[in-house]
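Input: a single structure, listed below in structure tokens.
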Amino acid sequence: MIKRSFIGLAKPRLEYGSLEDMPSLKQITTPKEITLLSTCPFDKKNLLFKKKATVKTGQKLLLYKESDEYVVSSVTGQVSSISSYTGDFGQSYTAIAIEVADDEETDDEFKSAAGGSKNASFETIKNFLAFAPGNPPVKLLSDKDKSISTIVVCCADSDLLITTNQYIIKSNIDAIKNGINILKTATGINDIIMVASQSQMHELSSTGEKVNQVNDTYPSALPHLIMKDLLGKVVPAGKNPEDIGVCFISAEAVASIGNAFNSSQIPVTKTLTLVNKDGDKTLVSARIGTPASDIFTAFNITLNENDRIIFGGPMTGSSVYSENHPVQPDTDAIIVQDRDDIPFISDYPCTNCGDCIRVCPANIQINLLVRFLEAGQYEEAADQYDLYSCIECGLCSYVCVSGMPIFQYIRAAKYELDRANTAEAT
Amino acid sequence: MGENNKFIVSHAPFWHDGSKISTRNYNMALAALPAILFGVISYGIAALGVISLSISSAIIWEFIYCRVTKRPMTIGDGNAAIIGMLLGMLLPATAPWWFVIIGTFVAILIGKQVFGGIGANPFNPVVVAIAVLMLSWKDVFDFNETLLNYDFDFSMVYPLAALKHFGVSAVDSFSMGDLLMGKQSGAIGSTFGLGLIVGGIYLIIRGIIRWEISISFIAGIIITALIFNLTDPVRYAGPTIHLFAGYTLIGAFFLATEDSSSPVNFIPMLIYGAGAGFLTVLIRNIGVYVDGAIFAILIFNLLNPLIDKIRPKAIGKVVKNA
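Residue numbers (our numbering), protein chains in the order written: chain A, 71 to 496; chain B, 3 to 324.
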């Protein structure tokens, strides 16, 4: 954890993790059971498959009738349970647990559909690769309302400590090249912009694509700031880059697409950065759905009461309830925090010290905003105090002298307003 | 590995830079220490008594308030202690005990707690208390009278009072070096200019006070005093005396910079500081009060929410034209 420097006058300087040498990738052996999470809410009546159904590695599993949501099994085995799982902000998921069989068989539905990278079509990407490592944003690309005209390939990692995308660039640049070519032909979008940190510029020059350099301090690699600083397009408050025609895709997702067509198999292993209690980083490759506890066992990480497991980066990730939480296609990092390192969150009021104002990349009047949020006056916060300009970097909470959970207040307010708006619309 | 471990599940960010309200306040106390020590050495045990009583009674008032209103105990954050400390620094060494206790009562209860406690006070509690005391018992703040029994090797005339009543010629004897080294009469913690400046620079470097306010306050004082001085050098003193006498330096570094009652945006901070500096000299030169720093800061505390409306546009903000 980076602490405030003695010279508090200077802004905190949070540098992104960088990979100098090629690290070794630790393979996690296939676990006994995996769990796949789909963002589709659990709906028992319309399920298309049942418990005990056998699945093969790389097999696409359509979940429900009249829905094109699917997951891709990362192992061969038998479905052991299908249940509901509730994540942050009440987001409901369908959890499919699969018991792994001894012998692995690869499904060849994708192989017959793909037919080599020459004939890659967007339909194939959409129908088979939405659950590939890195979560290719196929829904955004196929959304008729969005009319995407630019694709930004994020080669830098957006949160601190994470080096997953950097590893992919170092180890698999050919897959990236292949993936970009496939994306171009399949989507017909030729405006592809790579965004990379300084140390990656050299490696990426071989791709022949436009490469823009992102600053090496947090939060410059967050999509909204990339839009503003590198693309010169400011995303209007409350909108996302895709609303103004720009789609972000991670380098890993591009590599997944490249690899998938190259090998005629849907990739099923996720690369992620594991950070242990001492802050040591290791790159890990695990099947999607592997419970975190299997990874911890492989690295002899012991967890005690009141420790914290974080999926994602230290600034924007989310903590999980169970050490059996599965690795997802978008899990770029797993961080374990010792209970003594967990910062204290207080219900102290804002003292108006102004540290958040100086650090906010979006120029929000956080000292005023937070007073409205604390009082639950979300409408006023949105109308007058720029709630929707927040780009969700979390720096305000990081520097807050009072230890207020400002970032959480903001997210809760957005969630509540969203819920109220949906209720009004229906 | 136990299967039943319960983990801390809280929200992002999972890091914090480790800053705390208490650390800030203890650092502020540390920064004020040179000025206080100098006052205690000059005025002896009486000054120590005032400072100690002020700090302890402020903490006790806060304790009583928290108990009576059944609110969480907040004396641990050091804010009450800082309020008491600053109040003590602004009082003469001879201030009677009841006077100090009334002062901390006003500061803690009327200045801070009635508005909702730390962070909610629209005025600097110390400044409110001093203003109330000054208006109610103005004799106590007549430093010439209250410090009559002290005899040092320098002129015991309170510079600002001399300036007000006898004109510039009366303060000619004060050199800048003397004023900086505390060779002037005044409140316990406000005479040692060098100590206050060192403490202020320490707070600025640590990022505890906002340099924009301090610097613009001092600039406001210097520029306004200079303008007055240039128009009539016989009636109006130059910037030196205004800068180093009275409550100017303690105001610039410790009073005007109080978090809750001062602006946080860049341009508003400059306006706030410069305005308070300007008003200080204005009150000293043409107002009825000997020292204008307290009232100037109080008035700009009042204007703070208005000034702080000048703010940069948030990114992506859509301005709706009516």
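Every residue gets a Cβ at the ideal spot worked out from N, C-alpha and C, and that includes glycine. Since we're looking at a predicted model, the values are computed, not measured.
Do the segment 312-320 of chain B and the segment 426-438 of chain A meet, that is, are 3 or more Cβ pairs less than 8 Å apart?
-> Between the segment 312-320 of chain B and the segment 426-438 of chain A there are three or more C-beta pairs closer than 8 Å, enough to call the two in contact.
Measure from the C-beta of P82 (chain A) to each C-beta in chain B and report whether the shortest distance is under 8 Å.
-> As a working mapping, residue 82 (chain A) is identified with position 12 in the first sequence. At least one chain B Cβ lies under 8 Å of P82 (chain A).
N- and C-terminal bounds of the alpha helix (DSSP H) containing V141 (chain A) = Taking the first residue of the first sequence as 1, we reach residue 141 (chain A) at position 71. No alpha helix (DSSP H) holds V141 (chain A); the beta strand (DSSP E) holding it covers Y140 to V142.
Can you list, in chain order, the residues of its chain whose CB lies under 8 Å from that of E393 (chain A), leaving out five sequence neighbours each side?
-> Against the first sequence, residue 393 (chain A) aligns to sequence position 323. The residues P361, A362, S363, F366, L373 and I379, in chain order, have a CB closer than 8 Å to that of E393 (chain A) in the same chain once the five nearest residues on each side in sequence are set aside.
Just the Cα atoms here: how many angstroms apart are I98 (chain A) and H294 (chain A)?
-> Along the first sequence, read from residue 1 onward, the residue named residue 98 (chain A) stands at position 28. Along the first sequence, read from residue 1 onward, the residue named residue 294 (chain A) stands at position 224. The alpha-carbon atoms of I98 (chain A) and H294 (chain A) are separated by roughly 34 Å.
Output yes or no for whether 8 Å exceeds the beta carbon distance between V292 (chain B) and L162 (chain B).
-> As a first step, residue 292 (chain B) must be located in the second sequence, where it is residue number 290. As a first step, residue 162 (chain B) must be located in the second sequence, where it is residue number 160. In this structure, L162 (chain B) lies closer than 8 Å to V292 (chain B) by Cβ.
Give every residue of the same chain whose Cβ lies closer than 6 Å to the Cβ of S187 (chain B), excluding the five residues on either side of it in the sequence, and list them in chain order.
-> Within the second sequence, the letter at position 185 stands for residue 187 (chain B). So the qualifying residues of the chain are F145, L149, M158 and Y160.
By Cβ distance, which residues of its chain are closer than 8 Å to F125 (chain B), with the 5 residues on each side in sequence left out?
-> Here residue 125 (chain B) is taken as the residue at index 123 of the second sequence, counted from 1. Cβ within range, chain order: G113, S263, L300, N303 and L304.
So with Cβ pairs under 8 Å, would you call T156 (chain A) a contact of chain B?
-> One-based indexing of the first sequence puts residue 156 (chain A) at position 86. It does not; no Cβ of chain B falls within 8 Å.
Answer yes or no: do I152 (chain A) and L117 (chain A) have a C-beta to C-beta separation smaller than 8 Å?
-> Indexing the first sequence from 1 puts residue 152 (chain A) at position 82. Indexing the first sequence from 1 puts residue 117 (chain A) at position 47. The answer is yes: Cβ separation under 8 Å.
When the Cα atoms are used, what is the spatial distance from N101 (chain B) to L137 (chain B)?
-> Within the second sequence, the letter at position 99 stands for residue 101 (chain B). Within the second sequence, the letter at position 135 stands for residue 137 (chain B). At residue 101 (chain B) the sequence reads Phe, which differs from the Asn that was named. CA-to-CA, the gap between F101 (chain B) and L137 (chain B) works out to about 13 Å.
Kindly list, in the order they appear in chain B, the residues whose Cβ is closer than 7 Å to that of P475 (chain A).
-> Position 405 of the first sequence, counted from the first residue, corresponds to residue 475 (chain A). Taking a Cβ-Cβ threshold of 7 Å, the residues of chain B close to P475 (chain A) are H13, in chain order.
Cβ-heavy atom distance between F65 (chain B) and the ligand ADP below 7 Å?
-> In the structure on display, the ligand ADP does not appear, and there are no ligands present to speak of.
What does C224 (chain A) reach in chain B if we use C-beta pairs closer than 9 Å?
-> If you number the first sequence from 1, residue 224 (chain A) lands on position 154. Those do not exist, as C224 (chain A) stays about 19 Å from chain B at its closest Cβ, beyond 9 Å.
Would you decide whether A495 (chain A) is buried or exposed? Buried here means 16 or more other CB atoms lie within 10 Å of its CB.
-> Here residue 495 (chain A) is taken as the residue at index 425 of the first sequence, counted from 1. Result: exposed.
How long is the line joining the alpha carbons of P538 (chain A) and V469 (chain A), rounded to whole angstroms?
-> Given a span of 71 to 496 for chain A in the structure shown, any question on residue 538 (chain A) remains unanswerable.
Among the residues of its own chain, which have a CB less than 6 Å from the CB of F85 (chain B), if the five just before and after it don't count?
-> What you label residue 85 (chain B) is simply residue 83 of the second sequence in a count that begins at 1. Residue identity check: residue 85 (chain B) is Ile in the sequence provided, not Phe. Around I85 (chain B): A60, A109, P127 and V128.
S154 (chain A) - DSSP class collapsed to helix/strand/coil | Here residue 154 (chain A) corresponds to residue number 84 of the first sequence, with the count starting at 1. Strand, per DSSP.
Which first and last residues belong to the alpha helix (DSSP H) in which E179 (chain A) is found?
-> Position 109 of the first sequence, counting from 1, holds the residue named residue 179 (chain A). Segment E179 to A184, the alpha helix (DSSP H) holding E179 (chain A).
Buried versus exposed, by CB contacts within 10 Å (16 or more), N98 (chain B) = For the purposes of this step, residue 98 (chain B) is taken as residue 96 along the second sequence, with counting starting at 1. Note that residue 98 (chain B) is Pro in the sequence shown here, rather than Asn. Per the 10 Å Cβ criterion, exposed.
Check each candidate in A:K115, A:I77, A:E85 and A:T100 and name the one with the smallest Cα separation from R357 (chain A).
-> On the first sequence, residue 357 (chain A) is found 287 positions in, with the first residue counted as 1. Ranking the options by Cα distance to R357 (chain A), first place goes to A:T100.
Would you kindly work out how many angstroms separate the C-alpha atoms of I404 (chain A) and I371 (chain A), rounded to a whole number?
-> Translated into positions along the first sequence, residue 404 (chain A) becomes position 334. Translated into positions along the first sequence, residue 371 (chain A) becomes position 301. A direct Cα-Cα distance of roughly 12 Å separates I404 (chain A) from I371 (chain A).
Segment limits, beta strand (DSSP E) that includes N251 (chain A) | Looking up residue 251 (chain A) in the first sequence gives position 181. In the DSSP assignment, N251 (chain A) falls outside any beta strand (DSSP E) and within the unbroken alpha helix (DSSP H) covering I243 to T257.
Every unbroken alpha helix (DSSP H) inside the segment 271-311 of chain B [4 residues or more] = Runs of the alpha helix (DSSP H) inside the segment 271-311 of chain B: 295-309.
Can you tell which of B:N27, B:V173, B:S12 and B:I207 has the C-alpha that lies nearest to the C-alpha of G326 (chain B)?
-> For residue 326 (chain B) there is no data in the structure shown, the boundaries of chain B being 3 and 324.
Buried or exposed (CB count within 10 angstroms, at least 16 for buried), A190 (chain A) = Translated into positions along the first sequence, residue 190 (chain A) becomes position 120. The residue in question, A190 (chain A), is buried, as its Cβ has 16 or more Cβ neighbours within 10 Å.
Touching or not, the segment 422-432 of chain A and the segment 229-240 of chain A, by the rule of three or more beta carbon pairs under 8 Å?
-> By the Cβ rule, the segment 422-432 of chain A does not count as touching the segment 229-240 of chain A, because fewer than three pairs are nearer than 8 Å.
Beta strand (DSSP E) runs wholly inside the segment 370-421 of chain A, at least 3 long, in chain order | Counting only runs of 3 or more, we get 378-381 and 403-407.
Scan the segment 295-315 of chain B for residues whose Cβ lies nearer than 7 Å to a Cβ of chain A and list them as they occur along the chain.
-> Result list: R313, P314 and K315.
Contacts that G302 (chain A) makes with chain B (C-beta to C-beta distance below 7 Å) | Taking the first sequence and counting its residues from 1, one reaches residue 302 (chain A) at position 232. Within chain B, no residue comes near G302 (chain A); the closest Cβ sits about 13 Å away, beyond 7 Å.
Is any beta-carbon of chain B found at less than 8 Å from that of S467 (chain A)?
-> For this step, residue 467 (chain A) is matched to residue 397 along the first sequence. It does: the Cβ of S467 (chain A) has a partner Cβ on chain B nearer than 8 Å.
Delimiting residues of the beta strand (DSSP E) encompassing M30 (chain B) = As a working mapping, residue 30 (chain B) is identified with position 28 in the second sequence. It is not in any beta strand (DSSP E) - M30 (chain B) instead sits in the alpha helix (DSSP H) that spans I23 to Y45.
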